[in-house]
Structures are given as structure tokens and as C-alpha cells.
Amino acid sequence: MTAMPAPPPARKQSALLATLNRNRLSWVGIGMLAVIFAVAIFAPLLSPHDPLQQNILHRLEPPSAEFWLGTDSYGRDVLSRLFHGARISLTIGFLAVLVAMIVGSTLGVLAGYIGGIFDQVVMGIVDVMLSFPTLLLGLMVAAMLGASLENLIIAIAITETAPFVRVARAPTIAMKRQDFVEAGRALGFSPGRIMGVHILPNILSDIVVVASLWMASAIRTEASLSFIGLGVSPPTPTWGGMIREGFENILSAWWLVVFPSLAILLTVLALNILGDALRDAIDPKLRGEE
Amino acid sequence: MIRYVIRRLLLAIPTLLAMLTMVFVLVRLVPGDAAVSMLGDQASEQALDALRARLGLDQPIHVQYLTFLGDMLRGDFGTSMSSGRSVLSEVWQVLPYTLELTAAAMVIGVLFGLPLGTFAALYRNRWPDYTTRLLSLTGLSFPGFVSGILMLLAFAVWLRWLPVMSSASSDPLTHMRNLALPALNLGLIMTAYITRVTRSSMLNVLGEDFIRTARAKGVRPGPLVMRHALRNALIPIVTVVGLYFGTLIGNSVLTEIVFTRPGLGKLILGALQSRDYTLLQGLMVIFAAFVILVNLLTDLIYAAVDPRVSYAK
Amino acid sequence: MTPVLDIKGLTTEFRVKNGWHAAVRGIDLSVNANETLAVVGESGSGKSVTALSTLRLLPQTGARISRGEVGFGGRDLTKLSEREMSRIRGNDIAMIFQEPMTSLNPTMTVGDQIAEGLLIHRGMSRTEAAKEARRLLDEVRVPDPARRVNDYPHQFSGGMRQRAMIAIALACRPKLLLADEPTTALDVTVQAQVLSLLDDLKRDRGMAIVFITHNLGVVAQIADRVAVMYAGEIVETATCDTLFADPVHPYTEALLKAMPRVDRKAESLEPIPGSVPSISARPAGCVYAPRCNYVQPSCAAHPSLVPVGGNHEARCPVRADKGEAA
Numbered sequence: 001m002t003a004m005p006a007p008p009p010a011r012k013q014s015a016l017l018a019t020l021n022r023n024r025l026s027w028v029g030i031g032m033l034a035v036i037f038a039v040a041i042f043a044p045l046l047s048p049h050d051p052l053q054q055n056i057l058h059r060l061e062p063p064s065a066e067f068w069l070g071t072d073s074y075g076r077d078v079l080s081r082l083f084h085g086a087r088i089s090l091t092i093g094f095l096a097v098l099v100a101m102i103v104g105s106t107l108g109v110l111a112g113y114i115g116g117i118f119d120q121v122v123m124g125i126v127d128v129m130l131s132f133p134t135l136l137l138g139l140m141v142a143a144m145l146g147a148s149l150e151n152l153i154i155a156i157a158i159t160e161t162a163p164f165v166r167v168a169r170a171p172t173i174a175m176k177r178q179d180f181v182e183a184g185r186a187l188g189f190s191p192g193r194i195m196g197v198h199i200l201p202n203i204l205s206d207i208v209v210v211a212s213l214w215m216a217s218a219i220r221t222e223a224s225l226s227f228i229g230l231g232v233s234p235p236t237p238t239w240g241g242m243i244r245e246g247f248e249n250i251l252s253a254w255w256l257v258v259f260p261s262l263a264i265l266l267t268v269l270a271l272n273i274l275g276d277a278l279r280d281a282i283d284p285k286l287r288g289e290e
Numbered sequence: 291m292i293r294y295v296i297r298r299l300l301l302a303i304p305t306l307l308a309m310l311t312m313v314f315v316l317v318r319l320v321p322g323d324a325a326v327s328m329l330g331d332q333a334s335e336q337a338l339d340a341l342r343a344r345l346g347l348d349q350p351i352h353v354q355y356l357t358f359l360g361d362m363l364r365g366d367f368g369t370s371m372s373s374g375r376s377v378l379s380e381v382w383q384v385l386p387y388t389l390e391l392t393a394a395a396m397v398i399g400v401l402f403g404l405p406l407g408t409f410a411a412l413y414r415n416r417w418p419d420y421t422t423r424l425l426s427l428t429g430l431s432f433p434g435f436v437s438g439i440l441m442l443l444a445f446a447v448w449l450r451w452l453p454v455m456s457s458a459s460s461d462p463l464t465h466m467r468n469l470a471l472p473a474l475n476l477g478l479i480m481t482a483y484i485t486r487v488t489r490s491s492m493l494n495v496l497g498e499d500f501i502r503t504a505r506a507k508g509v510r511p512g513p514l515v516m517r518h519a520l521r522n523a524l525i526p527i528v529t530v531v532g533l534y535f536g537t538l539i540g541n542s543v544l545t546e547i548v549f550t551r552p553g554l555g556k557l558i559l560g561a562l563q564s565r566d567y568t569l570l571q572g573l574m575v576i577f578a579a580f581v582i583l584v585n586l587l588t589d590l591i592y593a594a595v596d597p598r599v600s601y602a603k
Numbered sequence: 604m605t606p607v608l609d610i611k612g613l614t615t616e617f618r619v620k621n622g623w624h625a626a627v628r629g630i631d632l633s634v635n636a637n638e639t640l641a642v643v644g645e646s647g648s649g650k651s652v653t654a655l656s657t658l659r660l661l662p663q664t665g666a667r668i669s670r671g672e673v674g675f676g677g678r679d680l681t682k683l684s685e686r687e688m689s690r691i692r693g694n695d696i697a698m699i700f701q702e703p704m705t706s707l708n709p710t711m712t713v714g715d716q717i718a719e720g721l722l723i724h725r726g727m728s729r730t731e732a733a734k735e736a737r738r739l740l741d742e743v744r745v746p747d748p749a750r751r752v753n754d755y756p757h758q759f760s761g762g763m764r765q766r767a768m769i770a771i772a773l774a775c776r777p778k779l780l781l782a783d784e785p786t787t788a789l790d791v792t793v794q795a796q797v798l799s800l801l802d803d804l805k806r807d808r809g810m811a812i813v814f815i816t817h818n819l820g821v822v823a824q825i826a827d828r829v830a831v832m833y834a835g836e837i838v839e840t841a842t843c844d845t846l847f848a849d850p851v852h853p854y855t856e857a858l859l860k861a862m863p864r865v866d867r868k869a870e871s872l873e874p875i876p877g878s879v880p881s882i883s884a885r886p887a888g889c890v891y892a893p894r895c896n897y898v899q900p901s902c903a904a905h906p907s908l909v910p911v912g913g914n915h916e917a918r919c920p921v922r923a924d925k926g927e928a929a
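Chains as they are written, first to last, in this note's numbering: chain A, 1 to 290; chain B, 291 to 603; chain C, 604 to 929.
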């Protein structure tokens with residue numbers, strides 16, 4: 001036997017595009033994200049002022065021609081801080097999900113492929129992780145490790161690993177029984193090669209969809225932790241941190257909380273819209289899973 | 291039915307053990323010496339040793355683990371470092387506020403979410419559906435504190451309808467006024483979630499064969515939805531809403547902080563600020579036990595709604 | 604005698620991508636009281652769509668009745684409002700579905716599901732309806748009905764579920780029963796029991812039955828008259844005896860050859876090659892031509908249903924001529 005059944009072709013890009021086109025809203029999400037990412041990347045160029053520059057003469061000024069979104073209690077420009085805050089939010093959101101995705105899906109594929117006690121132990125831990133409130137788990141880890149960019153990423157990644165294990169495991173088990181994997185094993189391919197070359201590409205699309213939804217959650221968690229005071233330490237601008245500082249002056253300076261709030265909301269919403277559309281496109285069975 | 295309950299209770303035990311182990315590991319993640327990070331660099335060696343002995347940190351790790359497990363299983367969650375009172379009594383004191391808030395949010399969520407989700411499902415892919423979906427997705431995108439702050443600004447600062455600060459009061463009317471905004475905030479997020487879950491569950495059920503059977507019987511649209519579709523749609527809704535409880539707790543913590551309302555949120559914030567690790571550890575265990583309990587309750591409600599479950603072996 | 608159901612020129616279309624395509628095209632069907640009409644054909648032939656169109660139970664979006672009328676009790680059902688229609692459903696016309704597993708509501712007791720129609724159409728009290736439900740379960744020969752009314756569908760076996768479905772359908776003593784493959788999911792002995800039950804009920808109540816099936820063996824057991832459907836059209840109709848003895852349309856002939864019979868060896872079974880064309884890819888001329896052994900150049904024109912004998916019509920000019928010549 002020399003011929004080996006070909007693995008099913010990975011889903012075509014054109015099919016994905018077709019679904020995105022059917023759901024017009026998804027292009028709104030993509031557009032919003034493109035703008036937010038562009039702002040984060042070009043923040044130093046776009047910012048009218050230095051986000052860290054304090055100015056006693058311009059404290060708590062409402063939005064004006066010079067300071068479009070007003071200034072905070074140190075006289076810093078809210079717009080510039082908002083632009084730079086995008087960098088922190090997106091960096092943490094992206095890296096945390098990336099770490100969770102790599103660790104989680106590796107564990108999931110291994111658990112599904114190896115099975116047995118290893119699978120049971122991993123899934124046991126996953127169930128426990130899932131039963132913990134995400135925010136509280138993140139809060140606990142961040143509190144224990146101490147607040148820093150790296151620790152926040154680790155804390156959020158820990159809270160979001162479990163869902164990736166689940167998403168990667170189920171199709172691996174199904175795939176393991178399929179002809180092309182069985183044939184690969186019969187031909188003596190190493191398990192690593194089978195998992196890496198045959199299984200992973202086929203479950204990648206599911207994983208990416210879940211990633212976009214959990215990146216929304218990661219950004220929300222980061223903002224929440226920063227608001228509680230467990231975020232990247234001041235004076236680095238973060239959206240959650242800006243709200244935390246502005247909250248003290250909520251009665252007199254609404255712009256300090258409203259604009260960062262909108263920034264968080266729009267970013268999370270854009271990711272959710274996109275994730276939703278992708279989820280419908282790729283697997284109707286994933287619906288209803290949070 | 292009783293056998294089902296017992297089986298489900300037994301299944302919760304390994305989860306509880308794994309959960310305790312995880313908390314134990316988490317608390318030991320503190321870089322360096324926990325005693326130092328609690329008392330600060332300036333503390334005397336004597337004070338540090340005393341603290342280590344009190345926390346059991348001078349024992350070998352497996353002894354620490356077993357002691358921890360024993361204490362937790364006996365319901366001894368330790369003593370708060372900052373107040374000197376037992377963690378359990380600290381929690382008991384504020385728990386009613388948090389429970390009241392989450393219960394109110396749950397009621398709001400069910401009251402509005404079920405009809406809205408059903409409405410969206412019945413008008414699938416027409417504008418009422420699109421509007422409802424976009425609104426619920428927006429609701430779900432709010433971190434609890436962001437929506438809370440915006441509401442606080444709108445209702446308390448600009449419109450001045452409701453108090454900015456909510457605190458304990460024996461007057462029931464004031465009590466309700468204090469509860470209104472936080473509950474509305476949490477309730478809206480809950481509504482968004484239940485709407486979404488109800489919509490997708492309803493869509494599944496409306497496509498089922500037995501719905502067609504009911505229509506063939508002459509059942510009108512109203513009773514069709516109420517008697518046939520909703521009850522069946524509730525089964526997955528109950529499960530998913532139960533799973534959401536953890537997120538609800540997280541959001542209620544944020545809500546309590548925004549509205550400076552007494553409750554677990556404020557307790558956690560205090561514990562964080564005073565680096566009270568025993569209180570944090572105790573809170574963590576209690577929260578997780580709570581979530582496990584809710585999952586258990588969810589399964590039991592599930593069994594009550596779905597006749598197929600309770601009769602299974 | 605006026606027929607109970609009189610369908611004329613019914614055309615039902617479905618939306619596929621962006622166009623409307625006919626799943627059922629210009630159907631004429633009628634059935635009298637105390638008569639069983641079997642509608643036969645492979646899956647995709649439009650049998651179920653015909654029944655669902657009659658009761659207007661098609662999906663509300665993506666399907667429409669574009670032409671024709673469904674005459675019942677002096678009214679055209681296609682013209683009625685949804686409200687008027689719901690007064691007829693379950694009351695004058697009842698329907699039994701193919702899947703007894705999924706066609707019953709899993710969260711309602713069998714008794715409540717039978718009683719529901721009585722509460723709606725007969726205005727019975729709950730106790731009266733419950734009593735009647737018990738009687739109906741007994742009538743469809745479910746053992747121990749007094750206890751079984753309180754069971755949920757998952758506690759019933761497949762055959763019992765189908766009996767429960769029949770009890771639901773019969774509750775209000777309908778004049779017409781539409782049975783859509785009611786025995787397909789059942790094993791042979793249970794199937795025979797259900798068929799004889801339906802036959803008894805027809806005789807006792809003088810009901811008209813439209814029995815949809817792909818199984819000619821079942822047709823032989825239960826039908827008075829038969830309509831053979833292919834690709835959304837009726838290709839042949841005759842009394843049951845005539846059809847089995849003297850099939851005219853090549854499709855009917857092929858169906859009969861594909862049917863296992865005691866008086867023939869299993870090797871002589873001839874499956875029909877190919878499958879029913881999808882509704883968006885129907886040929887312009889005779890729809891059966893691509894699978895037919897008797898194709899002539901004249902088959903490129905769309906044939907109409909013509910009489911080939913007493914009460915016997917077929918949609919095949921090629922074979923109809925032969926029949927007359929013989």
C-alpha cells in the first residue's frame with residue numbers, strides 16, 4: 001500500500017470570505033479593529049501631546065480645541081493617553097490569548113491524541129479552571145505575582161487556557177479515528193508528525209475563532225484588573241487605569257471616564273462581532289459556548 | 291431522582307479537591323517570601339518568623355498541603371490578617387448584600403432576557419432580530435465596571451434620580467433605591483446574556499419536528515411558543531446560565547466597587563490593598579465552592595425541567 | 604360523491620439560492636371518504652411537500668404555494684388565513700409524521716399531548732380530555748393506557764410512539780388523515796400492526812387517508828388507489844390492483860422491479876440507477892427521461908397525464924400508445 005488517503009482540504013478562504021460577506025456586520029467589526037490597531041501602532045505619530053507630560057496649568061480641562069478629549073487631574077492630554085493605552089490593551093490582550101492558545105491547544109491535542117489517564121487528568125484540571133470565575137482567578141494570580149505587564153499576561157493567559165484545551169481536544173479525538181490519520185499511523189509516521197501535520201491544520205480554524213472571542217474577554221479582564229488597581233503601574237496609560245484615576249473626579253470631570261469607557265467598549269464589541277461572525281461561519285456547533 | 295442527586299453530589303467531590311489544590315498552589319505562587327510581602331521589607335526577623343509559624347510556612351510542603359485541606363474541609367477558612375476575625379464571619383457579614391445583588395440581577399435578566407430572546411428567534415433574520423442581537427452583543431461587551439460607571443454618570447450625576455453612593459440602610463425604600471442602580475447594571479449584562487442564549491436555544495427548538503406536530507394539531511402561535519417551545523428551550527438555557535454564574539460573580543464584584551456598595555467585592559478590594567493573603571485564599575475557596583454549588587443546583591434544575599434526566603439510571 | 608380532499612394544479616416552490624424552484628408542480632389529487640390513497644415515490648419526489656402544502660405547514664420563509672387550489676369542505680385551503688387554518692388543523696385534517704422519535708414533545712406527557720387537540724377544538728374540560736386521551740390510547744392498542752397516559756415519550760418504544768402519534772391525530776375525529784411515512788421507522792411486525800390499525804380506523808370512522816410512502820409493499824397492504832410521484836409530478840395513478848397488475852409508466856415499472864416479492868427470487872431485484880434530480884436541476888422535457896430505458900426523441904417535450912384505461916392515467920406517451928395497442 002503506497003497511496004494514502006488525502007487529508008480533507010483545510011477550509012477554503014473563499015468560503016470564509018463568503019460568510020463574512022453574508023454577515024455585513026462583520027465588516028464593521030473588521031473596520032473598527034483595523035482603526036484601533038492602526039491607532040495603537042501609530043500612537044506616537046497620532047498623539048497631539050506627550051501622554052506622560054503633566055501640566056499644572058491645564059488640570060481637569062473639559063474637551064477643547066487644544067485638548068480634544070480634555071485633560072486629567074495632572075493636566076495630561078486624555079486623547080494621547082487613550083491612543084497609547086490602546087497599545088497596552090491590545091498587547092496584553094493579544095499576547096495573553098496567544099500564550100493561552102499555544103499552551104491550551106497543545107494540551108488539548110495531546111490529551112485527545114494520547115487519551116487515557118493523561119486525558120482524564122488534563123480534563124479534570126480544565127473543568128476546575130472553568131468553574132472558577134475568570135476575573136477572580138485573574139485577580140488572584142495578578143495579586144500573587146505582583147502587577148507588571150508580564151504578570152498580567154500570565155494571569156490572563158492562565159484564566160483563558162482551559163477553553164482552548166476543550167476546543168482542541170474534541171476534534172482531535174474525532175480526527176484520530178479518520179482514515180488519513182489511521183493510515184498515517186499504519187505507515188509508521190511519528191505521533192508528533194501526525195499531530196503537527198495532519199491534525200493541527202484541520203483544527204486551526206476552530207482555534208482561531210475561539211481566540212478572537214477570548215481576546216475580547218482578555219481585553220475586558222485587563223481593563224477590569226487595571227480598574228481594581230492590579231494593572232500595569234502608573235504613569236503608563238491603560239484604559240482601565242485611566243478610568244480608575246478618573247473615577248475619583250467623576251462628579252466634575254465626566255470626560256475622564258466616558259472616553260476610556262467607550263474605547264474599551266468599542267474594542268471588545270468589534271472583537272465580539274468578528275468572533276461571532278467567524279463562529280457562525282466555521283462551526284454552528286460552537287454556538288452557545290462561551 | 292434521589293439516586294441522581296446522590297450521584298451528582300459524589301461527582302462534585304473530586305472537583306472540590308482539585309479546586310482546593312489549585313488554590314493552594316496559587317497562593318504559593320507569591321514570589322519570594324509570603325511573610326515578607328505581607329509585613330514589608332522593614333519587618334523584624336522575629337515578626338517574620340512568628341508569621342511564618344502562624345501560617346504554617348515553616349512546615350514541609352506536604353504537611354502544609356494536608357493541613358490546608360483538613361482546615362478547608364472542616365470549614366475553617368482561616369483568620370483575616372488585617373481584622374483578626376475569621377474569614378467565614380467576614381464573608382457572612384457581607385454575603386447577603388452580594389446575594390441580594392446577584393439575585394436581583396438574575397430576576398431582571400430572566401424577566402427581560404427570555405422574552406427578548408424569544409422575540410428575536412421568532413423574527414429571525416429580520417430587523418427585530420438584528421437589533422436585539424446587536425444590543426445583546428453590546429451588553430456582553432461591557433466590562434461590569436464600565437457599564438456601571440456610565441450608568442452612575444447618567445442616573446446619579448446627570449439626572450440625579452438615584453444616589454451615587456449606595457450603603458446599608460434600615461429603611462426599605464432607601465434600601466431599594468440603593469439597590470436599584472447596581473442591580474440594573476448587573477441585570478442589563480445578565481439580560482444581554484440570557485437574550486442571546488434564549489435566541490439560539492429557541493431557534494433550535496423551533497426547528498424541531500414536535501413543533502410541527504403541535505402546529506398540525508392546531509396549536510396557535512402563542513401557546514406554541516409558551517407551552518411547547520419555551521419549556522424545551524429552557525433546558526439548555528438553564529445549563530448555560532448556570533455556567534455563566536462565575537462571570538456574574540466577577541461582574542458583581544466590579545459593580546460593588548463602582549457603587550461603593552458593601553459586599554464581597556469590597557471585601558476583596560480591601561484584602562488586596564492590605565495584602566491579606568489568608569483572607570484572599572479563604573475568599574477564593576468560598577467563591578469556588580459557591581460556583582460548584584451553583585453548578586450542582588443547575589444540574590438539579592435541569593433534571594426538574596427535563597423529564598428524560600430524572601428517569602435515567 | 605364529492606371527494607373529501609380535492610387538490611387541483613398545486614405548485615409549491617422553494618427558494619434555492621436566489622431563485623424559486625418548484626418542488627411540486629401542477630399536482631391533481633383527490634381522495635374520498637372511507638378511501639386510502641397511497642402516494643408513492645423515492646425521497647425527493649415531492650410526496651411530503653404535497654401533504655405539508657395541504658395543511659400549510661411548510662416553513663414560513665423560503666417556501667410558497669404559488670399556484671393551484673386545495674379543496675376541502677367546499678373551501679380552498681390556500682386562501683384561508685392562518686387563524687382559520689389552525690381551526691382546521693388537528694380538527695378536520697390531521698397529520699402523522701415520519702419520525703415518532705422526534706415528533707413528540709419530550710417535556711410533555713403523552714396524555715397531555717393527546718388531550719391538547721381536544722382542549723383546543725372540542726372545548727373539553729381537562730378531566731374530560733384526560734379521560735378521552737386514555738380511551739384513545741386504548742383504541743390505538745397501547746397496553747395499560749391508564750398508566751401510560753402519564754408517561755413521557757422517552758418511556759415509549761418506537762412502535763408505541765407511533766401509536767401515540769396516531770392517537771393525537773385521531774383525537775378530534777378528523778375527516779382526513781395525512782400519514783407521512785408513518786411506518787418507515789418501525790420494524791416489520793410493528794409496521795404490520797400499525798397498518799392494520801389504520802385500516803380498521805378508516806373503516807370504523809369512514810375517514811379519508813392519504814398515505815405517503817416509498818414502500819410498495821406497504822401500498823399493497825393498505826391502499827385503495829395509488830398515485831406515483833416523480834420529481835414533483837404525478838406520473839401515474841390507478842387503483843391498487845391495476846397498478847400492480849398493469850403498470851404503464853416506466854418509473855412505476857422500475858419501482859415494482861426494485862420491490863422484493865415472495866414470488867420472485869431476490870437476484871431478480873433491479874435497483875433503479877441514478878437518483879431523483881434536485882429541484883433546481885429538473886430536465887425540461889419528461890423528468891424521468893434521464894433514467895428511462897424507453898427514451899424516444901419525443902420525450903424531449905414535456906408530456907401530460909393522459910388516460911390509459913378506466914381510472915388509470917399515466918404521463919408517458921411512449922408507453923401509453925403501446926398500452927392502447929396491446
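Ideal placement from N, C-alpha and C gives every residue a C-beta, glycine not left out.
Fair warning: this is a prediction, and the values are worked out from it, not measured in the lab.
query                                                                                                                                                                                                                 : result
Mind listing the chain A neighbours of asparagine 585 of chain B? Cutoff is C-beta to C-beta under 9 angstroms, in chain order.                                                                                       : Ser131
Taking DSSP as the reference, what is the three-state secondary structure of serine 437 of chain B?                                                                                                                   : helix
Closer than 7 angstroms by beta-carbon distance: list the chain C residues that pair up with glycine 508 of chain B, in chain order.                                                                                  : Ser689, Arg690, Arg692, Gly693, Asn694, Gly720, Ile723, His724
Relative to the C-alpha of isoleucine 610 of chain C, which candidate in C/Val821, C/Asn637, C/Arg667, C/Arg678 has its C-alpha closest?                                                                              : C/Arg678
Name the chain B residues whose beta carbon is nearer than 9 angstroms to that of glycine 124 of chain A?                                                                                                             : Pro304, Thr305, Ala308
Looking at the unbroken alpha helix (DSSP H) that takes in alanine 625 of chain C, where does it start and where does it end?                                                                                         : No alpha helix (DSSP H) contains alanine 625 of chain C, which is instead part of the beta strand (DSSP E) from 622 to 634.
Alpha carbons only, please: which of C/Ala666, C/Arg828, C/Phe700 is nearest the one belonging to glutamate 498 of chain B?                                                                                           : C/Phe700
Is there a Cβ of chain B sitting closer than 8 angstroms to that of asparagine 753 of chain C, yes or no?                                                                                                             : no
From the beta carbon of asparagine 202 of chain A, is the nearest beta carbon of chain B less than 8 angstroms away?                                                                                                  : no
I think alanine 772 of chain C touches valine 752 of chain C, with their Cβ atoms under 8 angstroms apart; what is that distance to the nearest whole Å?                                                              : No, alanine 772 of chain C and valine 752 of chain C are not in contact; Cβ-Cβ is about 16 angstroms, not under 8 angstroms.
Can you grab the Cα-Cα spacing for the pair proline 133 of chain A / leucine 538 of chain B, in whole Å?                                                                                                              : 8 angstroms
Tell me whether the segment 757 to 765 of chain C and the segment 701 to 708 of chain C touch, counting them as touching only if at least three CB pairs, one residue from each stretch, are closer than 8 angstroms. : yes
Beta strand (DSSP E) containing leucine 611 of chain C: first to last residue?                                                                                                                                        : What sits at residue 611 of chain C in the sequence shown is lysine, not leucine. Run containing lysine 611 of chain C: 608 to 619, per the beta strand (DSSP E) assignment.
To which residues of the same chain is phenylalanine 314 of chain B closer than 7 angstroms at the C-beta, ignoring the five residues directly before and after it?                                                   : Tyr355, Phe358
Check whether chain A comes within 8 angstroms of arginine 598 of chain B, counting only Cβ atoms and requiring the distance to be less than that.                                                                    : no
In chain order, what residues of the same chain have a beta carbon less than 6 angstroms from the beta carbon of arginine 489 of chain B, not counting five sequence neighbours either side?                          : Gly407, Ala410, Ala411
Among C/Ala749, C/Leu801, C/Gln716, C/Tyr755, which has the Cα closest to the Cα of alanine 641 of chain C?                                                                                                           : C/Leu801
Any contact of the segment 566 to 578 of chain B with the segment 625 to 644 of chain C, i.e. 3+ C-beta pairs under 8 angstroms?                                                                                      : no
Check the C-beta distance from leucine 60 of chain A over to asparagine 249 of chain A and give it rounded, since I have them as a contact under 8 angstroms.                                                         : 6 angstroms
Going straight from the alpha carbon of isoleucine 812 of chain C to that of tyrosine 897 of chain C, what length do you get?                                                                                         : 34 angstroms
Just the chain A side, please: which residues come within less than 9 angstroms of leucine 476 of chain B by C-beta, in chain order?                                                                                  : What leucine 476 of chain B touches in chain A: nothing, since even the nearest Cβ is about 13 angstroms away.
Residues in the same chain with beta-carbon distance under 7 angstroms from histidine 624 of chain C, minus the five sequence neighbours each way, listed in chain order, please.                                     : Glu616, Phe617, Ile882, Ser883
How many angstroms separate the CA atom of threonine 832 of chain C from the CA atom of serine 689 of chain C?                                                                                                        : A small fix is needed here, since residue 832 of chain C is methionine in this sequence, not threonine. Going by the C-alpha atoms only, they are around 28 angstroms apart.
So, at 6 angstroms on beta carbons, what are the nonlocal neighbours of threonine 657 of chain C in its own chain, with the 5 sequence-adjacent residues on each side left out?                                       : Val673
Quick one, are the C-beta atoms of alanine 147 of chain A and glycine 231 of chain A less than 8 angstroms apart?                                                                                                     : yes
If you drop the 5 nearest sequence neighbours on each side, which residues of the same chain put their C-beta closer than 6 angstroms to that of isoleucine 243 of chain A?                                           : Phe227, Val257, Pro260
Determine the DSSP secondary structure at serine 376 of chain B, reduced to helix, strand or coil.                                                                                                                    : strand
Taking 8 angstroms as the CB-CB cut-off, is asparagine 249 of chain A touching chain B?                                                                                                                               : no
Note down, one range per segment and in chain order, each alpha helix (DSSP H) of at least 4 residues found wholly within the segment 380 to 438 of chain B.                                                          : 417 to 431
Does aspartate 276 of chain A have its Cβ less than 8 angstroms from a Cβ in chain B?                                                                                                                                 : yes
Can glycine 917 of chain C and valine 838 of chain C be called in contact, C-beta distance under 8 angstroms?                                                                                                         : Note that residue 917 of chain C is alanine in the sequence shown, not glycine. A contact, by the Cβ cut-off of 8 angstroms.
Exposed or buried, leucine 152 of chain A, counting other C-beta atoms within 10 Å across all chains shown (16 or more means buried)?                                                                                 : buried
Residue ranges of each beta strand (DSSP E) run of no fewer than 3 residues wholly in the segment 800 to 841 of chain C, ordered along the chain?                                                                     : 811 to 816, 828 to 833
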